[in-house]
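Report on the structure given below.
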């Protein structure tokens with residue numbers, strides 16, 4: 001799966017599922033069956049492909065001091 005959306009722009013919402021890959025229910029079923037077999041499921045989050053429109057960036061711009069968003073992002 002590409003780290004960019006179908007239009008090749010950085011992703012804004014990491015929680016939105018690409019329904020070509022299945023639904024959240026499909027994933028939860030996969031996770032349950034994997035765990036029943038003693039398997040772990042590893043997910044990757046390529047944050048370097050996150051859009052500046054993502055909430056992490058907007059919250060970082062609004063925050064004061066060194067909150068969690070400032071620690072994660074250099075804006």
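In UniProt numbering, the protein residues as written are 1 to 75. Here a beta-carbon is modelled for each residue, glycine too, at the ideal position from N, C-alpha and C.
Element boundaries [alpha helix (DSSP H), containing residue i]
{"i": "residue 32", "result": "24-36"}
Backbone CA spacing between residue i and residue j [nearest angstrom]
{"i": "residue 17", "j": "residue 41", "result": "17 angstroms"}
{"i": "residue 37", "j": "residue 59", "result": "40 angstroms"}
{"i": "residue 43", "j": "residue 29", "result": "15 angstroms"}
{"i": "residue 19", "j": "residue 35", "result": "23 angstroms"}
{"i": "residue 54", "j": "residue 27", "result": "24 angstroms"}
{"i": "residue 33", "j": "residue 39", "result": "9 angstroms"}
{"i": "residue 62", "j": "residue 51", "result": "17 angstroms"}
{"i": "residue 31", "j": "residue 57", "result": "30 angstroms"}
Buried or exposed (CB count within 10 angstroms, at least 16 for buried), residue i
{"i": "residue 23", "result": "exposed"}
Assigned secondary structure, residue i (DSSP; H/G/I helix, E/B strand, else coil)
{"i": "residue 62", "result": "helix"}
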